[in-house]
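Everything on this sheet refers to the single structure shown next.
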Amino acid sequence: MNRPVTVDDVAKHAGVSIGTVSRVINNAPHVSRKARDAVERAIDELAYVPNKTAQSLAGQRRGSVVLAISSDDPGLFANLFFAQVVTGVNAVVEETDLELQLVLAASDRGRARLSRIFKARAADGVMLLALKENDPLSALAESSGLPVVHGGRSLDSEPRFYVDADNRGGARSAVEYLISLGRRRVATITGSQDQHVGVARYLGYREAVVLAGLDDSRVAHGDFSEAGGAAAMTSLLDRFPDLDAVFVASDAMAAGALSVLAARGVQVPDEVAVVGFNDIVTAQHTTPALTTVRQPIDALGREMTRMLLRLIDGDTPTSLILPTTLVRRESA
1 MNRPVTVDDV
11 AKHAGVSIGT
21 VSRVINNAPH
31 VSRKARDAVE
41 RAIDELAYVP
51 NKTAQSLAGQ
61 RRGSVVLAIS
71 SDDPGLFANL
81 FFAQVVTGVN
91 AVVEETDLEL
101 QLVLAASDRG
111 RARLSRIFKA
121 RAADGVMLLA
131 LKENDPLSAL
141 AESSGLPVVH
151 GGRSLDSEPR
161 FYVDADNRGG
171 ARSAVEYLIS
181 LGRRRVATIT
191 GSQDQHVGVA
201 RYLGYREAVV
211 LAGLDDSRVA
221 HGDFSEAGGA
231 AAMTSLLDRF
241 PDLDAVFVAS
251 DAMAAGALSV
261 LAARGVQVPD
271 EVAVVGFNDI
281 VTAQHTTPAL
291 TTVRQPIDAL
301 GREMTRMLLR
311 LIDGDTPTSL
321 ILPTTLVRRE
331 SA
């Protein structure tokens, strides 16, 4: 290799988890002889030199990681996006000896709880999700001295370590697809504009429409919720009754938009084509089934956790932007 061999390299070579490699390096118990032998062979074959700093920190570890979400909405996990991210995070954590702590930290009370965890050194690392512009949660985590991985990016600064999806490119491809169908009066329902994801998907819409020489004024702002999508769709139909397509920045909002179109007697896709974003399970069960942009939500959670584990083990991973793909169903 032209770069230093990392714990991740050893884990892949041995066919085991990063946590297993770490336990072998630090002579921790509860490792099978088969796994230990595989790791030791990989270390020899790759000429891996353990990170002494990471080894010295191993004895100080608390055995847990935190997933902090910038929300205090009690209905948060009704949004299947968050449920799928947590599922992905938990799947990787379960491969280690670590415990997962989930903290909803949008309120002062939630952030105070997180601050107590940091001050007590009761965690080995933290993952942040759903940050808003100038979110105090980011500064709190970054000042903790712990490894920090961001799920997505923020509007005010780009974190050093993050995993994100290609939100802008995915949105652009969705709108380009609508235009390829002959739609010329394409509207959008945006996500929250105080979040990077909402702004990125709106910019993707604008790029596609403007490059096609079309009007980009058919816009209504939503909040990623089904109710927000319904309200935004109502506003669009009232202001732009001639629209023939709508790109919606999340599947939850698209479900709300479809309910309004049905109530107004608008035929989908004959009169108005609809494309969402995320490809949560709901997208397959709307009427009609939703054409949408699939982002790898479970993989987002998994890669965030793997990145955090590498930081805990003393490695320096590279931030990731995961690809998106258009999934065609009956709504467009």
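Take the sequence shown: its letters are residues 1 to 332, numbered as in full-length UniProt numbering. For each residue, glycine too, the CB sits at the ideal point set by N, CA and C. Values in this document were obtained by computation on a predicted structure and should not be read as measured data.
Q: Tell me whether S154 counts as near the ligand FAD, meaning its Cβ is closer than 7 Å to at least one heavy atom of that ligand.
A: Ligands displayed in this structure: none; no statement on the ligand FAD is therefore possible.
Q | Spatial distance of N90 from A83 (CA atoms) | A | Position 90 of the sequence shown holds residue 90. Position 83 of the sequence shown holds residue 83. Cα to Cα, N90 sits roughly 11 Å from A83.
(Q) Please classify A141 as buried or exposed, where buried requires at least 16 other C-beta atoms within 10 Å of its C-beta. (A) As a first step, residue 141 is located in the sequence shown; it is residue number 141 there, counting from the start. Buried: at least 16 other Cβ atoms inside 10 Å.
Q) Counting pairs of Cβ atoms below 8 Å between the segment 178-196 and the segment 237-250, do you hit three or more? A) Two segments are said to touch when three or more pairs of C-beta atoms, one from each, lie closer than 8 Å; by this definition the segment 178-196 touches the segment 237-250.
Q | Span separating the alpha-carbon of A174 from that of V149 | A | Your numbering for residue 174 matches position 174 in the sequence shown. Your numbering for residue 149 matches position 149 in the sequence shown. Between A174 and V149, the C-alpha separation is close to 29 Å.
Q. Would you say D166 and S154 are within 8 Å of each other, going by their C-beta atoms?
A. Counting from 1 along the sequence shown, the entry for residue 166 is found at position 166. Counting from 1 along the sequence shown, the entry for residue 154 is found at position 154. No, the Cβ-Cβ distance between D166 and S154 is not below 8 Å.
Q | Coil, strand or helix - S154 by DSSP | A | The count along the sequence shown starts at 1 and reaches residue 154 at position 154. Coil at S154, not helix or strand.
Q.
If we require 3 or more residues per run, which beta strand (DSSP E) segments fall completely within the segment 198-238?
A. Entirely contained in the segment 198-238, the beta strand (DSSP E) runs reaching 3 residues are, in chain order, 219-221.
Q) Taking the alpha-carbon positions, what's the A289 to S144 distance? A) In the sequence shown, the residue the question calls residue 289 occupies position 289. In the sequence shown, the residue the question calls residue 144 occupies position 144. S144 has its alpha-carbon roughly 45 Å from the corresponding atom of A289.
Q: Could you work out which residue in R33, G125, R160 and D37 is closest to S319 when comparing CA atoms only?
A: In the sequence shown, the residue the question calls residue 319 occupies position 319. Just measuring C-alpha positions, the residue of R33, G125, R160 and D37 sitting nearest S319 is R160.
Q: Counting only the same chain and skipping the five closest in sequence on each side, list residues whose C-beta sits under 7 Å from that of G169.
A: As a first step, residue 169 must be located in the sequence shown, where it is residue number 169. Excluding residues within five positions, the ones whose Cβ falls inside 7 Å are G204 and T324.
Q | Straight-line Cα distance separating D72 from A106 | A | The sequence position of residue 106 within the sequence shown is 106, counting from 1. The sequence position of residue 72 within the sequence shown is 72, counting from 1. The C-alpha of D72 is placed about 5 Å away from the C-alpha of A106.
Q: Can you have a look at S225 and say buried or exposed, based on whether 16 or more other CB atoms are within 10 angstroms of its CB?
A: On the sequence shown, residue 225 is found 225 positions in, with the first residue counted as 1. With 16 or more Cβ atoms within 10 Å of its Cβ, S225 is classed as buried.
Q. In angstroms, rounded to a whole number, what distance separates the CA positions of R329 and A254?
A. Within the sequence shown, residue 329 is the residue found at index 329, counting from 1. Within the sequence shown, residue 254 is the residue found at index 254, counting from 1. R329 and A254: Cα-Cα distance of roughly 13 Å.
Q | Same chain only: Cβ atoms within 6 Å of I176, ignoring 5 sequence neighbours per side | A | The sequence position of residue 176 within the sequence shown is 176, counting from 1. The sequence given here has Glu at residue 176, not Ile. A208, listed in sequence order.
Q. Candidates R302, V163, L322 and T292: which alpha carbon is nearest S331's?
A. By 1-based counting over the sequence shown, the position of residue 331 is 331. With distances taken between Cα atoms, S331 lies closest to T292.
Q. By Cβ distance, which residues of its chain are closer than 8 Å to H13, with the 5 residues on each side in sequence left out?
A. As a first step, residue 13 is located in the sequence shown; it is residue number 13 there, counting from the start. Result list for H13: A42, E45 and L46, in chain order.
Q.
Which residues does DSSP list as the beta-bridge partners of I189?
A. Here residue 189 refers to the residue found at position 189 of the sequence shown. For I189, which the question treats as bridged, DSSP gives the partners A220 and V248.
Q: Identify every run of the alpha helix (DSSP H) within the segment 62-121, keeping only runs that are complete inside it and at least 4 residues long; order them along the chain.
A: Qualifying alpha helix (DSSP H) stretches, in chain order: 80-93 and 108-119.
**Q.** C-alpha gap between A123 and D315, whole angstroms
**A.** Working through the sequence shown from its first residue, we reach residue 123 at position 123. Working through the sequence shown from its first residue, we reach residue 315 at position 315. Cα to Cα, the separation comes out at about 18 Å.
Q: Could you tell me the distance, in whole angstroms, from the CA atom of R218 to the CA atom of L236?
A: As a position in the sequence shown, residue 218 is number 218, starting the count at 1. As a position in the sequence shown, residue 236 is number 236, starting the count at 1. Using only the alpha carbons, I get a separation of about 7 Å.
Q. Is the CB-CB distance between Q21 and V5 below 8 Å?
A. The sequence position of residue 21 within the sequence shown is 21, counting from 1. The sequence position of residue 5 within the sequence shown is 5, counting from 1. Here residue 21 turns out to be Val, not Gln, going by the sequence shown. The Cβ-Cβ distance between V21 and V5 does not fall below 8 Å.
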